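To start, the structure itself, in structure tokens.
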Amino acid sequence: MIARPAWLILSFLLTSAAAAGESSDQRFLAGLRERGLFRLAETYCTDRLKRGDLPESQRADLVIELSRCLAEWAVGSPPEERGPLWQRASQVTQGFAGDNPQNPRLPLVRLQQALCHLARGELARQEAQLSADPGDLLDQARTHLRDTIEELNALDDDVQRRLRQQSLPGPGERAGLDAHQLASLQNNIQYELARALRNQAECYASDSPDRANALTQAVKLLLRLAALDAVDPLSWKSRVDLIESYRLLADYGQSRRQLDALLALKPPPPVELRARAERIRLALATEQLAEAISVLSQGRQIDETTSPELDYAWLETYLAAGRAAGDAQDNAKAAEWQAKATEMVEQIEQWHGPYWTRRAGMLLANYVRASPGGGDLGLLVRAAESSFRSGQFTEALAGYDRAQARAAKQGDSARAFDLGYIAATIEHQRGRHAEALERYRRLAMAMPENPQAPEAHLLAIYHAAQLAKASGKGGKGDRRILPERPDGCSAQNAPVPFSALDQYAALLQEHLRTWPTGPSADQAWRQWGRLREQKHDWQGAIRAYQAISAGDADYLQAAEAVERCYGAWLAERKAAGQPSEELAGKAADWFESLVVGPQGRLPERWSPLQQFAVLAAARLRLDHTAAGYDRTQRILSTALQTAGDAPPQWKSAARVLLVVSLAGQGRSRESGQLLAEISAGSPQQLLSLLEGLERVAATARPEVRGELAQLQLSAIKLLPADPKALSGTERQTLQRVRAQALADAGRTEEALRQYEALAAAYPRDGAIQEAYARLLLTRVDRAATAEARKKSIQSALEKWRELEEKSPPQSPRWFLAKYWVARLHFELGNKSQAAKIITLLRLLHPELGGPELKSQFEELLRRCQE
Amino acid sequence: MTPMIDVIFQLMIFFICTASFSSPEMILPTRLSLPGAIPSAVQVDPEQADLDEIVVELLWRNVDGRWRAQWQINDRDYGRLAEVRAVLAAVKQVKSDLPVILDVEPDVPLEDVIDLYDLCREVGLQRVQFAASAGA
Numbered sequence: 000m001i002a003r004p005a006w007l008i009l010s011f012l013l014t015s016a017a018a019a020g021e022s023s024d025q026r027f028l029a030g031l032r033e034r035g036l037f038r039l040a041e042t043y044c045t046d047r048l049k050r051g052d053l054p055e056s057q058r059a060d061l062v063i064e065l066s067r068c069l070a071e072w073a074v075g076s077p078p079e080e081r082g083p084l085w086q087r088a089s090q091v092t093q094g095f096a097g098d099n100p101q102n103p104r105l106p107l108v109r110l111q112q113a114l115c116h117l118a119r120g121e122l123a124r125q126e127a128q129l130s131a132d133p134g135d136l137l138d139q140a141r142t143h144l145r146d147t148i149e150e151l152n153a154l155d156d157d158v159q160r161r162l163r164q165q166s167l168p169g170p171g172e173r174a175g176l177d178a179h180q181l182a183s184l185q186n187n188i189q190y191e192l193a194r195a196l197r198n199q200a201e202c203y204a205s206d207s208p209d210r211a212n213a214l215t216q217a218v219k220l221l222l223r224l225a226a227l228d229a230v231d232p233l234s235w236k237s238r239v240d241l242i243e244s245y246r247l248l249a250d251y252g253q254s255r256r257q258l259d260a261l262l263a264l265k266p267p268p269p270v271e272l273r274a275r276a277e278r279i280r281l282a283l284a285t286e287q288l289a290e291a292i293s294v295l296s297q298g299r300q301i302d303e304t305t306s307p308e309l310d311y312a313w314l315e316t317y318l319a320a321g322r323a324a325g326d327a328q329d330n331a332k333a334a335e336w337q338a339k340a341t342e343m344v345e346q347i348e349q350w351h352g353p354y355w356t357r358r359a360g361m362l363l364a365n366y367v368r369a370s371p372g373g374g375d376l377g378l379l380v381r382a383a384e385s386s387f388r389s390g391q392f393t394e395a396l397a398g399y400d401r402a403q404a405r406a407a408k409q410g411d412s413a414r415a416f417d418l419g420y421i422a423a424t425i426e427h428q429r430g431r432h433a434e435a436l437e438r439y440r441r442l443a444m445a446m447p448e449n450p451q452a453p454e455a456h457l458l459a460i461y462h463a464a465q466l467a468k469a470s471g472k473g474g475k476g477d478r479r480i481l482p483e484r485p486d487g488c489s490a491q492n493a494p495v496p497f498s499a500l501d502q503y504a505a506l507l508q509e510h511l512r513t514w515p516t517g518p519s520a521d522q523a524w525r526q527w528g529r530l531r532e533q534k535h536d537w538q539g540a541i542r543a544y545q546a547i548s549a550g551d552a553d554y555l556q557a558a559e560a561v562e563r564c565y566g567a568w569l570a571e572r573k574a575a576g577q578p579s580e581e582l583a584g585k586a587a588d589w590f591e592s593l594v595v596g597p598q599g600r601l602p603e604r605w606s607p608l609q610q611f612a613v614l615a616a617a618r619l620r621l622d623h624t625a626a627g628y629d630r631t632q633r634i635l636s637t638a639l640q641t642a643g644d645a646p647p648q649w650k651s652a653a654r655v656l657l658v659v660s661l662a663g664q665g666r667s668r669e670s671g672q673l674l675a676e677i678s679a680g681s682p683q684q685l686l687s688l689l690e691g692l693e694r695v696a697a698t699a700r701p702e703v704r705g706e707l708a709q710l711q712l713s714a715i716k717l718l719p720a721d722p723k724a725l726s727g728t729e730r731q732t733l734q735r736v737r738a739q740a741l742a743d744a745g746r747t748e749e750a751l752r753q754y755e756a757l758a759a760a761y762p763r764d765g766a767i768q769e770a771y772a773r774l775l776l777t778r779v780d781r782a783a784t785a786e787a788r789k790k791s792i793q794s795a796l797e798k799w800r801e802l803e804e805k806s807p808p809q810s811p812r813w814f815l816a817k818y819w820v821a822r823l824h825f826e827l828g829n830k831s832q833a834a835k836i837i838t839l840l841r842l843l844h845p846e847l848g849g850p851e852l853k854s855q856f857e858e859l860l861r862r863c864q865e
Numbered sequence: 000m001t002p003m004i005d006v007i008f009q010l011m012i013f014f015i016c017t018a019s020f021s022s023p024e025m026i027l028p029t030r031l032s033l034p035g036a037i038p039s040a041v042q043v044d045p046e047q048a049d050l051d052e053i054v055v056e057l058l059w060r061n062v063d064g065r066w067r068a069q070w071q072i073n074d075r076d077y078g079r080l081a082e083v084r085a086v087l088a089a090v091k092q093v094k095s096d097l098p099v100i101l102d103v104e105p106d107v108p109l110e111d112v113i114d115l116y117d118l119c120r121e122v123g124l125q126r127v128q129f130a131a132s133a134g135a
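The listed protein sequences correspond, in order, to chains A and B. Its first residue numbered 0, the first sequence is counted upward by one per residue in numbering that gives the first Met the number 0. Its first residue numbered 0, the second sequence is counted upward by one per residue in numbering that gives the first Met the number 0.
As structure tokens, this is what we get:
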């Protein structure tokens with residue numbers, strides 16, 4: 000069973016309550032608290048307190064239980080989690096006192112409130128005694144203890160007043176406290192007051208008058224309580240506390256006499272165990288180490304009862320003996336005592352729960368700090384752990400560093416690595432990115448052969464990423480660069496400051512150099528790929544993603560990233576007027592290699608990766624290459640035949656691509672038949688089909704284009720009539736494709752009406768405006784009369800002129816518009832103006848929009864000059 | 000009395016000098032072209048509508064450690080004034096009354112501005128304008 004700090008228990012015994020025993024609620028809640036199920040206990044109390052029909056006395060008891068639960072929870076928690084718990088523990092009782100000033104059990108609630116403050120003060124005082132930097136903790140302890148003493152004195156006065164006013168209880172006052180109970184309560188208040196004074200005394204130096212004054216007051220109170228009848232549990236506790244108070248007053252003779260008198264009375268086992276602990280402390284205080292050690296021979300248990308106080312005293316003895324052996328240069332003996340101390344800390348952890356474990360650990364850390372040699376490795380590790388549990392992170396890190404150095408000195412590199420890893424992880428958990436980065440990286444690079452080294456280095460990379468994120472878009476980091484820069488310069492002599500993003504990149508490269516294979520390398524490649532992708536270095540990103548091993552769990556995502564990067568790269572090249580067919584073919588080859596594998600055979604069963612890869616390859620070939628329709632069609636047909644268990648969405652997407660690949664080969668009838676089978680495709684897939692057919696049509700012969708247009712118009716009919724099924728962009732695409740399909744199908748007037756509406760709706764969409772302007776040119780060719788032709792030319796000229804004005808100067812569309820403006824002037828018979836336009840344009844921009852357009856310009860100029 | 004005569008004499012010299020500086024600026028036969036300053040009702044020559052306007056940017060750049068004038072005609076760089084002259088002469092052959100807008104950086108010395116302006120006039124361009132920012 001885990002021991003709780005005894006002083007948290009509201010230990011006053013009301014005669015009637017003692018007779019009746021604890022309520023079922025109290026027993027249940029005590030059980031939950033003993034098992035550390037504080038949240039459950041809290042929920043139980045708060046749920047019960049919500050009941051409106053709860054009697055006043057039960058409400059007060061539940062408030063006390065809730066406050067106890069929260070206070071015990073705080074005591075067992077790490078320092079950084081305690082604040083809110085302490086606050087709530089106090090608020091519960093304060094709130095009750097404010098809302099129920101007439102509740103007859105209010106004094107009990109007020110005592111619980113004072114006990115919360117006392118517990119807080121005592122804990123701070125204990126931790127201050129073992130801390131390297133006790134200043135703040137001592138201040139906190141003094142404040143809380145001062146408040147406690149004030150509260151207890153006020154409560155004592157109040158109970159005293161109630162006792163004086165006490166009369167026989169009337170019929171309606173059964174829930175109130177009778178004289179007996181009030182007297183018992185007063186004893187408890189004075190007992191706690193003595194404890195608060197003792198704690199307050201320990202906040203001052205041993206020769207301080209404040210300390211002597213507080214202890215004298217405590218002794219005075221305890222003398223009265225110790226004289227109570229032995230059946231009163233307060234009597235035993237007070238006697239032990241009296242012994243302790245005399246010891247703290249340095250009145251060792253009186254303390255020893257009181258101790259002997261107590262033991263002669265054969266106290267109950269828990270009291271005797273505490274008395275044994277006091278005997279040890281008394282011996283240690285009087286520098287009689289041998290006597291303290293001799294007490295150990297009496298054992299740690301009586302009738303299977305253990306005491307955390309006694310175990311803690313044992314630990315104090317072991318450490319004192321270890322220190323004495325160290326002072327005597329008897330290292331072997333010192334190591335023996337230290338080993339016993341380490342073992343005792345483990346025993347305390349096992350038997351007495353987090354509060355005592357933390358206290359024991361802090362004692363150990365204090366010993367290590369004060370010892371010149373620091374103790375053996377086990378002790379150093381224990382001490383570091385304890386400092387961490389106590390929230391003393393700087394000390395914990397220093398402790399782990401010492402332990403790591405000791406392990407390395409002993410040749411235990413694995414242990415040294417583990418300890419360094421723990422230290423780095425402390426910084427990781429604290430979110431101190433720069434410090435964590437430095438520790439993880441230093442550790443990994445110092446012992447790269449350790450199996451955990453790649454993981455440590457990846458964590459360093461993670462922290463570098465966080466630093467880069469915090470410093471904005473690769474802002475200049477304030478940290479020194481750790482690894483080499485990608486260009487080989489070291490940070491110290493780098494001519495320009497090294498940004499956090501550069502640091503991140505350098506770490507990734509360092510990882511790939513040091514651990515080129517394995518899961519960590521896959522992760523590093525993935526991150527490197529993302530970084531290159533963000534920088535629009537498509538080639539670098541693709542190379543990184545492709546370097547990820549096929550066995551990686553997220554390989555499918557890597558393949559998707561490769562397709563994404565190829566898509567962006569191809570679009571970029573296209574926009575810049577660069578050839579893209581070869582690149583697209585290379586990309587498609589890579590995806591096909593994922594499908595056929597090293598054996599070069601199509602799979603019998605298609606994995607999700609292969610299903611994705613076959614579609615990616617098909618998309619690349621169909622979207623970016625003029626050839627390859629037959630190859631794509633063959634692979635897709637086989638895939639559709641053999642991948643029977645593939646998801647319906649995949650089948651639908653594959654069929655859509657198959658339609659395009661058939662159409663691209665001029666097999667319009669087959670593609671039409673297949674299209675007729677596609678009705679279950681999503682609107683987005685059908686749109687994708689339409690765009691695919693549009694791309695095929697753009698380079699097809701006029702007669703094929705007409706058939707493709709019919710196919711597109713059929714596909715459009717498969718789309719849902721409800722416009723809400725498509726997004727705004729999708730609706731625009733659909734309207735554009737429909738207009739172009741109508742034009743290709745020879746339905747020029749319908750197409751013109753569609754384009755006119757589109758051009759009006761999207762005046763800034765260059766592609767739509769250009770398509771409309773082109774369509775207007777077809778009307779010129781179809782004009783029946785000279786007048787109609789002239790009118791058509793003028794209307795087209797207006798549109799191209801508008802397009803030229805709205806296009807960015809020197810863009811491909813701007814040059815094209817220039818050409819058509821000149822050409823339409825020529826068609827109007829205004830050869831001189833056309834020649835002027837071209838001459839001036841050639842003068843200012845001799846490249847004339849690229850070789851293809853340049854030859855058209857020159858041909859037109861020649862015709863103008865004829 | 001002598002100091003008073005000296006003061007008056009100095010003042011006279013000052014006024015004469017400032018008066019002589021302002022006159023050449025006033026007689027430059029050109030106008031500032033401000034964005035949005037041209038009323039929308041202005042009739043545009045239909046012949047001119049499809050011809051690019053010529054924008055000559057006069058820049059002041061540090062080239063090989065020496066500050067000097069650089070030119071751009073419709074975003075195309077020219078390093079020597081002779082090249083600018085050749086292009087503008089060819090432009091004049093296309094259409095002599097094509098508007099030429101001179102966009103001068105604030106740091107450019109006045110003599111380089113005058114040189115460019117004179118060059119435009121010399122090659123026979125009839126409509127030379129200066130660009131200015133809207134806040135000018």
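Think of the CB as a built atom: it goes at the ideal place given N, C-alpha and C, for glycine as much as any other residue. Keep in mind the model is a prediction, meaning the values are calculated, not measured.
Along chain A, which residues have their Cβ under 8 angstroms away from the Cβ of residue i?
i	result
residue 74 of chain B	808 and 809
residue 221 of chain B	Because residue 221 of chain B is not part of the residues shown, which for chain B are 0 to 135, the question remains open.
Measure the beta-carbon distance from residue i to residue j and round it to whole angstroms, keeping in mind my assumption that it falls under 8 angstroms.
i	j	result
residue 355 of chain A	residue 311 of chain A	7 angstroms
residue 686 of chain A	residue 732 of chain A	6 angstroms
residue 127 of chain B	residue 101 of chain B	6 angstroms
residue 767 of chain A	residue 735 of chain A	6 angstroms
Note down, in chain order, every chain A residue with its Cβ under 9 angstroms from the Cβ of residue i.
i	result
residue 90 of chain B	839, 842 and 843
Which residues in chain A sit within 7 angstroms of residue i, going by Cβ to Cβ distance?
i	result
residue 50 of chain B	835, 836 and 839
residue 86 of chain B	842
Mind checking who residue i pairs with in its DSSP beta bridge?
i	result
residue 52 of chain B	Residue 52 of chain B pairs with nothing; no bridge assigned.
residue 61 of chain B	B/66
residue 77 of chain B	B/70
residue 304 of chain A	A/301
Mind checking if residue i is an interface residue toward chain E, Cβ cutoff 8 angstroms exclusive?
i	result
residue 793 of chain A	Judged by its chain identifiers, the structure shown contains no chain E, and its protein chains are A and B.
Below 9 angstroms on C-beta distance, what does residue i contact in chain B?
i	result
residue 800 of chain A	48 and 49
residue 820 of chain A	49
Examine the ligand FMN and report whether any of its heavy atoms sits within less than 7 angstroms of the Cβ of residue i.
i	result
residue 831 of chain A	Among the ligands in the structure shown, none appear at all, so the ligand FMN cannot be discussed.
Are three or more beta carbon pairs between the stretch 63-70 of chain A and the stretch 106-116 of chain A nearer than 8 angstroms? Cβ pair count under 8 angstroms is three or more, so yes.
Tell me whether the stretch 284-294 of chain A and the stretch 330-350 of chain A touch, counting them as touching only if at least three CB pairs, one residue from each stretch, are closer than 8 angstroms. Between the stretch 284-294 of chain A and the stretch 330-350 of chain A, the count of C-beta pairs closer than 8 angstroms stays below three; the two stretches do not touch.
Taking only beta carbons into account, state which residues of the stretch 555-573 of chain A come closer than 8 angstroms to chain B, listed in chain order. Within the stretch 555-573 of chain A, no residue has a Cβ that lies closer than 8 angstroms to any Cβ of chain B.
So does the stretch 212-222 of chain A actually touch the stretch 178-187 of chain A, counting three or more Cβ pairs closer than 8 angstroms? Short answer: they don't touch.
Do the stretch 191-210 of chain A and the stretch 114-126 of chain A touch if we need at least three Cβ pairs shorter than 8 angstroms? Yes, they touch.
Is it the case that the stretch 702-713 of chain A contacts the stretch 736-745 of chain A, given that we only count it when at least three CB pairs across the two stretches are under 8 angstroms? Three or more beta-carbon pairs drawn from the stretch 736-745 of chain A and the stretch 702-713 of chain A are found closer than 8 angstroms, and the two stretches are therefore classed as touching.
At least three beta-carbon pairs within less than 8 angstroms, the stretch 770-777 of chain A to the stretch 751-759 of chain A: Contact holds: three or more Cβ-Cβ distances are below 8 angstroms.
For the structure I just gave you, are there three or more beta carbon pairs, one from the stretch 410-417 of chain A and one from the stretch 391-400 of chain A, closer than 8 angstroms? Because the criterion of three Cβ pairs below 8 angstroms is not met, the stretch 410-417 of chain A and the stretch 391-400 of chain A do not touch.
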